[in-house]
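In the UniProt record's numbering, the protein residues as written are 112 to 443.
Glycine included, every Cβ here is placed at the ideal spot set by N, Cα and C.
Remember, it's a predicted structure, so these values are computed and weren't measured experimentally.
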Ligand code: AKB
């Protein structure tokens, strides 16, 4: 039998306090830096290792350990896990929905082969593994308002297909071999510091910057396109709380998490309470509009709330005032 797939001694592995943790390749993306910062506060600066294939900014480089790691280089990943005695692995590396459609082969390589590397390494080294999934793991035949955890999943993007594959592989290895696989389906995430990279929900970040610079946002989605969204601090907190939840509390390994749902028109209206001159024009882009029309409008996160106490802190009103304040603070 393949030794990688032997049951492991995960049961006796310490369930909290990672000695180290990696955020491969995607560590410098929209979510990695902020998550590392929050984890370092709890577990110590040197116990959280951030990684990517890109050169980090001076600030990131000096705020804690950073290593080069390519999710496609299995041997090097193994070397890092062994040398740093990694116990948790947060796998943020992925090509998002819109960019994935433009680079299908690369998306398949990173999102599927990269994931297989990480799954094998997690099994081999008894790691607790977190892999994010997304509203994009659903498709036009899924119930869209609301979308429950367990329902038809026939996404029509390579991103969605790779995420469903990740959910299923992780759950399979959990049931078969005891892998401590954990997965949250993220809504569109709204952040200030790190821009998103090629998603369908990116407009909901750009509109804030445009409101405070040119006062004009050209939206690539129709005004009534409703999608689930979340403030980045809720997303980070959900991830940490879920990773810390005792296994006995988890009835699922993949959970939806929700905070709010809005359309471009609704978020623009809320921003106008602070920036009255904001003008939004609409020029729907064929690819992204089609993707958004196939995604959930609202997420049902009942199971996450019940099992491990998930509760979002930000609704639309708080999100808008906080994001505008953060952008203004950054500029002064
Ligand atoms: C995207 O738009 O592709 C991502 C996502 C919702 O997963 N932000």
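Contact test: residue i Cβ vs the ligand AKB heavy atom, cutoff 6 Å
i, result
"residue 271", "no"
"residue 365", "no"
"residue 207", "yes"
"residue 350", "no"
"residue 247", "yes"
"residue 312", "yes"
"residue 299", "yes"
Cβ pair residue i, residue j closer than 7 Å
i, j, result
"residue 367", "residue 410", "yes"
"residue 311", "residue 399", "yes"
"residue 315", "residue 299", "yes"
"residue 203", "residue 143", "yes"
"residue 375", "residue 332", "yes"
"residue 329", "residue 394", "yes"
"residue 292", "residue 364", "yes"
"residue 163", "residue 200", "no"
"residue 431", "residue 377", "no"
"residue 445", "residue 434", "Outside the displayed span of the chain (112 to 443) sits residue 445, for which this structure offers no information."
"residue 232", "residue 192", "yes"
"residue 294", "residue 242", "yes"
"residue 208", "residue 268", "yes"
"residue 379", "residue 336", "no"
"residue 349", "residue 421", "yes"
"residue 296", "residue 244", "yes"
"residue 373", "residue 427", "yes"
"residue 141", "residue 322", "no"
"residue 253", "residue 263", "yes"
"residue 309", "residue 210", "yes"
"residue 347", "residue 149", "yes"
"residue 423", "residue 313", "no"
"residue 206", "residue 218", "yes"
"residue 161", "residue 180", "no"
DSSP bridge partner residues for residue i (one or two, in chain order)
i, result
"residue 420", "The partner list for residue 420 (beta bridge, DSSP) is empty, contrary to what the question assumes."
"residue 372", "339"
"residue 367", "296"
"residue 410", "258"
"residue 329", "392"
"residue 318", "Answer is none; residue 318 lacks a bridge partner."
"residue 438", "Note: residue 438 sits in no beta bridge, so no partner."
> For the 8 Å Cβ check, are there 3 or more pairs between the stretch 275-287 and the stretch 412-429?
Replying inline: Segments in contact, no.
> If you scan the stretch 237-305 from start to end, which runs of the beta strand (DSSP E) of 3 or more residues do you find wholly inside it?
Replying inline: Taking only runs of at least 3 residues, the beta strand (DSSP E) segments lying wholly in the stretch 237-305 are 239-241, 291-297, 299-301.
> For the 8 Å Cβ check, are there 3 or more pairs between the stretch 153-161 and the stretch 356-373?
Replying inline: Using a C-beta cut-off of 8 Å, the stretch 153-161 makes no contact with the stretch 356-373, since fewer than three inter-stretch Cβ pairs fall below that distance.
> Are the stretch 166-173 and the stretch 207-214 touching, with three or more C-beta to C-beta distances below 8 Å?
Replying inline: A contact between stretches requires three or more CB pairs, one per stretch, nearer than 8 Å, and the stretch 166-173 fails this requirement with the stretch 207-214.
>> When you compare the stretch 329-340 with the stretch 286-306, are there three or more beta-carbon pairs, one atom per stretch, that lie closer than 8 Å?
In response: A contact exists between the stretch 329-340 and the stretch 286-306.
> Between the stretch 247-254 and the stretch 222-236, are three or more C-beta pairs nearer than 8 Å?
Replying inline: No, the stretch 247-254 is not in contact with the stretch 222-236.
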